[in-house]
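Just so you know, the sequence shown maps onto residues 122 to 541 in this note's numbering.
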Amino acid sequence: MSKYIIKQSAPLHGEVEISGAKNATLPILAATVLTDGVCEIHDTPHLSDVEVMCEILRAVGATVTEDYERHVITVDGSTVDKSVVPYDLVKKERASFFIMGPLLARMGKVNIALPGGCAIGERPVDLHTKGIRMLGARVVTSDGEVNANADKLKGALVYLDFPSVGATENIMMAATLAEGETTIENAAEEPEIVDLANFLNSMGAQIKGAGTDTIRITGVDKLHGTRYAVIPDRIETATFMIAAATTRGNILIKNCIPDHVRPIIAKLIECGVDISDEPEGLRVRGDKNHLKATNIKTLPYPGFPTDAQAPIMTLLTTVDGQSRINETLFENRLMHANELNRMGANIRVDGRTAIVPGNQRPLEGASVMATDLRAGAALVIAGLVATGTTEVTNIYHIERGYEDFVRKLKNLGADIEKVD
Ligand code: EPZ
């Protein structure tokens, strides 16, 4: 079992280049089954989640070439000929469920296992299946799998009870080949939704309103291949911003889109972090002012992202004063508090709220366990400032979502090693 060994490090300094967004790459790869053309996708991050999605594309017959040196994945959809997505692949990765909508639209039917829940919550897919049913599909959910079929999907008005990212993406992809107009109301507004819509439009889809709570899709008969580059990863950006603040460092973050991390910028400035937009990227300095407490409430975009909640909890254990963190997206996404408490953080969790007392003393190195990829990143950041040595196990979680994480941190002066 691999793990990271982290020693108390100097404040992070230097430059880091952000990779392509995992949560844009995954739905964009799923969307390639909508065409019998060839899609060339650039700036894709080399992550195990991306490799699994490529396996799923091959499992339904697509011809996939992965070139991680050049960060290009090429998918030839002309050979797609299966509508069954193997359970052993779906259970590896929830995001594989994003192929349900596009595969149904392409093949007229789909059989896919229900993605299990995970550590952070039950994570139902009722909004995904509701949307597909509203587009005219016959959908049967039984024995842990979804069977859907429709000779031709028909445009409809789909209201999402919750602005689910995955449901918005699944329905939007299916609607591109439906007959007539589809409107998704109370849609998710994340930048990854906009990136997926731009990708689909580059294939000949007609989508308007992505990035707002109302998305309109006019169905077309066919989509063609395309070349496309995915956006930089805003959660990786947030993670390095928070690492710089926590270590009281001074780093330049290149290849990021500041507009996608506005909530992080706002909250870090509230804590006293100095952030400036330089020509080469975002300069983040935790060394200029004395850092103090703030309160966090996670919300759908453009609110504070749940995926940055664990990392910022680590920062808030080191600042002056008490902070309150309220996790509203997932029912069980505060488990990293227990691990931080093993390092002396004294965090109190009550339901979906964590009270972080702030810096009574520096954290102490310990052996801790990653419970999801963002919790893992939070524990790595904690290890950088804790006295002594910190061991982080279950690092497969981290390597699902952060490309070259150890190399990037070492280049910034972190004392971190991966051992098998
Ligand atoms: C996406 O997951 C991201 N994953 C998650 O990132 C992210 O945390 C999440 O959006 C929220 O921003 C990918 O994009 C691959 P949701 P998704 O559907 O689509 C409820 C990471 O760290 N819900 O927006 O699964 C659900 O229970 C990962 O990279 C329903 O009730 O999230 C949850 O409470 C972790 N019914 C809330 O919506 C449904 O049918 C948000 O889920 C679907 C969702």
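For glycine and all other residues, C-beta sits at the position ideal for the given N, C-alpha and C. Model, not experiment: these values are computed from the prediction.
Reference residue i, options the options, closest by Cα
| i | options | result |
| --- | --- | --- |
| Lys-388 | Asp-408, Asn-376 and Leu-436 | Leu-436 |
| Met-228 | Ala-240, Val-201, Ile-253 and Pro-207 | Val-201 |
| Met-434 | Leu-248, His-518, Ile-468 and Ala-365 | Ile-468 |
| Val-154 | Val-211, Asp-408 and Lys-203 | Lys-203 |
| Asn-322 | Thr-303, Ala-308, Leu-344 and Gly-301 | Leu-344 |
| Thr-415 | Arg-191, Lys-409, Thr-438 and Glu-399 | Thr-438 |
| Gly-346 | Glu-176, Asn-410 and Ile-162 | Ile-162 |
| Arg-473 | Arg-445, Asp-354, Ala-318 and Met-255 | Arg-445 |
| Tyr-189 | Asp-164, Val-196 and Gly-407 | Asp-164 |
| Ala-152 | Thr-368, Cys-175 and Gly-402 | Cys-175 |
| Ser-397 | His-411, Met-362 and Tyr-125 | Met-362 |
| Pro-207 | Ala-234, Glu-187, Ile-220 and Val-196 | Ala-234 |
| Arg-383 | Asp-525, Val-513 and Pro-312 | Pro-312 |
| Ala-429 | Ile-502, His-411, Glu-460 and Arg-369 | Ile-502 |
| Val-185 | Gly-325, Asp-342 and Asp-197 | Asp-197 |
| Lys-529 | Ala-364, Phe-320 and Lys-418 | Ala-364 |
| Gly-534 | Glu-138, Ile-305, Val-513 and Thr-368 | Thr-368 |
| Leu-150 | Glu-187, Gly-135, Pro-245 and Thr-508 | Glu-187 |
| Gly-287 | Ala-299, Lys-251 and Ser-199 | Lys-251 |
| Leu-494 | Tyr-523, Gly-504 and Thr-511 | Tyr-523 |
| Glu-266 | Ile-417, Asp-408, Ala-326 and Val-205 | Val-205 |
| Asp-395 | Lys-409, Ile-417 and Gly-402 | Lys-409 |
| Pro-132 | Met-490, Ser-488 and Ala-366 | Ala-366 |
| Arg-259 | Thr-419, Pro-245, Leu-225 and Pro-236 | Leu-225 |
| Lys-418 | Leu-412, Ala-431 and Glu-512 | Ala-431 |
| Arg-337 | Ala-466, Ala-271, Ser-130 and Thr-304 | Thr-304 |
| Gly-393 | Glu-401, Met-221 and Lys-413 | Lys-413 |
| Asn-480 | Val-540, Leu-461 and Ile-194 | Leu-461 |
| Val-440 | Ser-140, Pro-478 and Gly-424 | Pro-478 |
Delimiting residues of the beta strand (DSSP E) encompassing residue i
| i | result |
| --- | --- |
| Tyr-208 | That residue, Tyr-208, is in no beta strand (DSSP E); its alpha helix (DSSP H) goes 208-211. |
| Arg-445 | 444-447 |
| Ser-169 | Segment 169-180 is the alpha helix (DSSP H) holding Ser-169; no beta strand (DSSP E) there. |
| Gln-327 | 327-329 |
| Ala-431 | No beta strand (DSSP E) contains Ala-431, which is instead part of the alpha helix (DSSP H) from 430-437. |
| Lys-529 | It is not in any beta strand (DSSP E) - Lys-529 instead sits in the alpha helix (DSSP H) that spans 526-532. |
| Thr-511 | 510-514 |
Heavy atom of ligand 3 within 7 Å of residue i beta-carbon
| i | result |
| --- | --- |
| Asp-247 | By its list of ligands, the structure shown excludes ligand 3, since it contains just ligand 1. |
Whole-number beta carbon distance between residue j and residue i, since they are thought to touch under 8 Å
| i | j | result |
| --- | --- | --- |
| Glu-448 | Met-464 | Rounded, the Cβ-Cβ distance is 20 Å, inconsistent with contact. |
| Asn-515 | Gly-242 | At roughly 18 Å, the Cβ-Cβ gap does not stay under 8 Å, so Asn-515 and Gly-242 are not in contact. |
| Asn-562 | Arg-406 | Only positions 122 to 541 of the chain appear in the structure, and residue 562 is not among them; the question remains open. |
| Leu-281 | Leu-248 | 6 Å |
| Asp-536 | Ser-130 | 5 Å |
Close beta carbons around residue i, own chain, < 8 Å, minus the five adjacent residues each side
| i | result |
| --- | --- |
| Gly-301 | Lys-275, Gly-276, Thr-339 and Gly-340 |
| Asp-334 | Pro-284, Glu-306, Asn-307, Ala-308 and Glu-310 |
Nonlocal neighbours in the same chain, by C-beta distance under 6 Å from residue i, ignoring five residues either side
| i | result |
| --- | --- |
| Glu-547 | Any property of residue 547 remains undetermined from this structure, which presents the chain solely from 122 to 541. |
| Val-315 | Ala-331 and Gly-332 |
| Ala-458 | Ile-468, Val-470 and Ala-475 |
| Lys-329 | Arg-337 |
Extent of the continuous alpha helix (DSSP H) to which residue i belongs
| i | result |
| --- | --- |
| Arg-254 | 247-255 |
| Ser-323 | 312-323 |
| Leu-150 | 143-152 |
| Asn-453 | Asn-453 -> no alpha helix (DSSP H), and no H or E assigned at all. |
| Asn-291 | 286-296 |
| Thr-156 | Taken as a continuous stretch (DSSP letters only), Thr-156 belongs to no alpha helix (DSSP H), as it is neither H nor E. |
Own chain partners of residue i with C-beta closer than 7 Å, once the 5 adjacent residues on each side are dropped
| i | result |
| --- | --- |
| Ile-352 | Ala-142, Ala-145, Pro-312, Asp-316 and Ile-378 |
| Ile-385 | Ala-359, Met-362 and Ala-429 |
| Thr-156 | Gly-198, Met-324, Leu-344, His-345 and Gly-346 |
| Phe-451 | Ile-241, Gly-242 and Thr-427 |
| Gly-182 | Thr-200, Val-201, Asp-202 and Lys-203 |
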